[in-house]
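Student: In our numbering, the protein residues as written are 46 to 232.
What follows is a single structure, and I will ask about it in a moment.
If you want it as structure tokens, here you go:
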């Protein structure tokens, strides 16, 4: 565990353990299912590090083996085709995409290698949890937990302390809240 700025361990419980329930991202998603295609309008509000708004149009096939989605961002004049997350190993996923920005007249591709575990020198769990209120109305919560497990060490006759306890750390946050309204096609 890293020590505080003065070389000593933080003593405040607030420094060691915290839970933040104020999301930094709020999404409102409207979806319409049409002939095997899901058409979506996403309104995305970001309040950290600065207030920002982003609108997106999303087209995605409804089939269980869907492999792509098409995204258009009118404010940034971006279009992208993005693959679904492809499992590389049990805990590692790869996602690739190609896009064009009309403002910059630029075409390029991106890739992203992700996992729900791991962080910058500490253990991290990231996850999304869905809650269906009723047909056509869902909430999805994106959350993160960073932790360092407690550690107890000791020594005898080595010059190290006889007993040393590192109390660990735990910081959890609710990063994203999504309200998803879906209108299914009726036949």
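By construction, the Cβ of each residue, glycine as well, lies at the ideal position given by its N, Cα and C atoms.
Since the structure is predicted, the reported quantities are computational estimates derived from the model, not experimental observations.
1. For the candidate residues 89, 217 and 152, whose alpha-carbon lies nearest to that of residue 66?
2. Residue 132 bridges to which residues according to DSSP?
3. With distances taken between CB atoms, is the gap from residue 156 to residue 140 smaller than 8 Å?
4. Measure how close the beta-carbons of residue 184 and residue 222 come, nearest whole angstrom, since I'm counting them as under 8 Å.
5. Would DSSP call residue 59 helix, strand or coil?
6. Could you tell me the distance, in whole angstroms, from the CA atom of residue 159 to the CA atom of residue 208?
7. Once DSSP output is grouped into helix, strand and coil, what is the label at residue 217?
8. Quickly, what does DSSP pair residue 147 with across the bridge? List them, please.
9. Going by the DSSP bridge assignment, what does residue 187 pair with across the sheet?
10. In or out: residue 188 buried (at least 16 other Cβ within 10 Å) or exposed?
11. May I have the straight-line CA-CA distance separating residue 63 from residue 215, to the nearest angstrom?
12. Which value, in whole angstroms, describes the spacing of the CA atoms of residue 112 and residue 83?
13. Measuring straight from C-alpha to C-alpha, what distance separates residue 87 and residue 73?
14. Is it buried or exposed for residue 85, if we count other Cβ within 10 angstroms and need 16 for buried?
15. What residue range is occupied by the uninterrupted beta strand (DSSP E) comprising residue 71?
16. Does the beta carbon of residue 74 sit closer than 8 Å to a beta carbon anywhere in chain D?
17. Given residue 200, which residues of its chain have a CB within under 6 Å of its CB, disregarding the five upstream and five downstream residues?
Tutor: Looking at the coordinates:
1. By 1-based counting over the chain shown, the position of residue 66 is 21. Measuring from the Cα of residue 66, the nearest candidate turns out to be 217.
2. Position 87 of the chain shown holds residue 132. Note: residue 132 is bridge-paired with 138 in the DSSP secondary-structure output.
3. The sequence position of residue 156 within the chain shown is 111, counting from 1. The sequence position of residue 140 within the chain shown is 95, counting from 1. Closer than 8 Å, so yes.
4. Translated into positions along the chain shown, residue 184 becomes position 139. Translated into positions along the chain shown, residue 222 becomes position 177. About 7 Å separates the two Cβ atoms, so the contact holds.
5. Residue mapping note: residue 59 aligns to position 14 of the chain shown, counting from 1. Helix, per DSSP.
6. Looking up residue 159 in the chain shown gives position 114. Looking up residue 208 in the chain shown gives position 163. Computed Cα separation, rounded: 39 Å.
7. As a working mapping, residue 217 is identified with position 172 in the chain shown. Note: residue 217 maps to strand in three-state DSSP.
8. What you label residue 147 is simply residue 102 of the chain shown in a count that begins at 1. In DSSP, residue 147 forms no bridge with anything.
9. Translated into positions along the chain shown, residue 187 becomes position 142. Paired residue(s): 173 and 221.
10. Stepping through the chain shown from its first residue, residue 188 is reached at position 143. Residue burial is scored here from C-beta neighbours: residue 188 has at least 16 other C-beta atoms within 10 angstroms and is therefore classed as buried.
11. Taking the first residue of the chain shown as position 1, residue 63 is located at position 18. Taking the first residue of the chain shown as position 1, residue 215 is located at position 170. So the alpha carbons of these two residues sit roughly 6 Å apart.
12. As a first step, residue 112 is located in the chain shown; it is residue number 67 there, counting from the start. As a first step, residue 83 is located in the chain shown; it is residue number 38 there, counting from the start. Linking residue 112 to residue 83 through their CA atoms gives a straight-line distance of about 13 Å.
13. Here residue 87 is taken as the residue at index 42 of the chain shown, counted from 1. Here residue 73 is taken as the residue at index 28 of the chain shown, counted from 1. Rounded to the nearest angstrom, the two C-alpha atoms are 6 Å apart.
14. Here residue 85 is taken as the residue at index 40 of the chain shown, counted from 1. Its Cβ being crowded by 16 or more others within 10 Å, residue 85 is buried.
15. Here residue 71 refers to the residue found at position 26 of the chain shown. 70-79 is the span of the beta strand (DSSP E), which, as asked, contains residue 71.
16. The structure shown contains no chain D, having only a single protein chain.
17. Residue numbering aside, residue 200 sits at position 155 when the chain shown is read from its first letter. Only residues of its own chain outside the window of five on either side were considered, and among them none has a CB closer than 6 Å to the CB of residue 200.
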